[in-house]
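K.L.:
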Amino acid sequence: MQLPPDIERILLDEATIQRRVHELATQISADYADVDELVLVGVLKGAFIFMADLARCLTIPHSVDFIALSSYGSRGAARSDAVRLIMDTRAPVTGKEVLIVEDIVDTGYTLQYLVRNFQARNPASLRTCTLTSKPTRHEVAVQLDYLGFEIPDVWVVGYGLDYADRYRTLPYIAALKPEVYRTAAH
Ligand code: PRP
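Right, dumping it as C-alpha cells:
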C-alpha cells in the first residue's frame, strides 16, 4: 500500500479498528441493554469518525451529541485547567445515561476535565469510551471504562486523529515520521 509521505508505518489497520469498534459496541449494547436511551457525547474534532462507526454498531436506543474543547498545546492539554469548553452539548445531560466518546487519551488531562465537568451536571450515569490510550504518557489517573487499544508514545494520525488538522480521514491509524513533528512548529 502506498502511504502518504509523512507516514512512517501503520499501527492499526482498517480491519483491526473495525473489528474492535464492533466489539466495543457489542459490549456497550449489552451493558446498557436496559436503559431507555444512551447519550453518546463525542469530543470534537478527533472523535468524529470513531463516534460515527461506534454509534452505527450499537443495537440499543441512543442519541448523539457533541462538544468541542480548546486547550493550550498541540495535542491535548498541558494541564486540566488549560482545557476550556468552546461548544457545549445541544441538549442538557442531567438525568441521562452519558457515554463520553474520545479518540485518544494522552496525558489524561482532557478526559479528567471532561469527567469532572460532566459529573457536575448530575447525569444518571457517566462512563467513557476511548479508542486509543498511551499509558506511558498518562500524568493523571483517568477513568477508562471502554478502551479500544493501548498504543506506544508516537504521534499517531488517521481515523479522526490529526497532524496540523491533516490525515483525519485515513481509514487506519499510523505513526507519523518523527522528523515531521520534530522539525515543524505546531
Ligand atoms: C486530542 C484528543 C483528546 C486530547 C487528549 O485532542 O482528541 O481530546 O487530545 O490529550 P490529553 O490526554 O493529553 O489531554 P486535540 O487537542 O488534538 O484536538 P482535536 O480532537 O480537535 O484534534
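Using my numbering, the first residue of the sequence shown is number 18, and each one after it goes up by one.
Note that the Cβ used here is the ideal one computed from N, Cα and C, for glycine as well.
Here the structure is a predicted model, which means the values were calculated and not measured.
1. Answer yes if the region 149-164 comes into contact with the region 119-135, meaning at least three C-beta pairs across the two stretches below 8 Å, and no otherwise.
2. Is the beta carbon of L187 closer than 8 Å to that of V173?
3. Could you give the DSSP three-state label for H203: helix, strand or coil?
4. Under the assumption that L55 contacts L116 (Cβ atoms under 8 Å), give the Cβ distance between them as a whole number of angstroms.
5. Please report the residue range of the beta strand (DSSP E) in which E40 lies.
6. So, helix, strand or coil for Y180, using DSSP?
7. Is it right to say T43 is buried, meaning 16 or more other beta carbons lie within 10 angstroms of its own, or is it exposed?
8. Are the region 69-79 and the region 45-59 in contact at 8 Å, needing three or more beta carbon pairs?
9. For V118 and A64, which I take to be in contact (beta-carbon distance under 8 Å), what is that distance rounded to the nearest angstrom?
10. Does DSSP put V52 in a helix, a strand or coil?
11. Does the separation of the CB atoms of V60 and L164 fall below 8 Å?
P.N.:
This is what the structure holds:
1. When C-beta atoms of the region 119-135 are compared with those of the region 149-164, three or more pairs fall below 8 Å, so the two segments count as touching.
2. In this structure, V173 sits away from L187, with a CB-CB distance that is not shorter than 8 Å.
3. Because the pLDDT of H203 is 46, which lies under 50, any placement of that residue in the model is unreliable, and the question is left without a value.
4. The C-beta distance from L55 to L116 rounds to 6 Å, short enough to meet the 8 Å contact threshold.
5. Segment E31 to D48 is the alpha helix (DSSP H) holding E40; no beta strand (DSSP E) there.
6. The answer is strand: DSSP assigns Y180 an E or B state.
7. That one is exposed.
8. The count of Cβ pairs closer than 8 Å, one atom from the region 69-79 and one from the region 45-59, reaches three, so the stretches are in contact.
9. The Cβ separation is near 5 Å, so the contact holds.
10. Reduced to three states, the DSSP call for V52 is coil.
11. The Cβ-Cβ distance between V60 and L164 does not fall below 8 Å.
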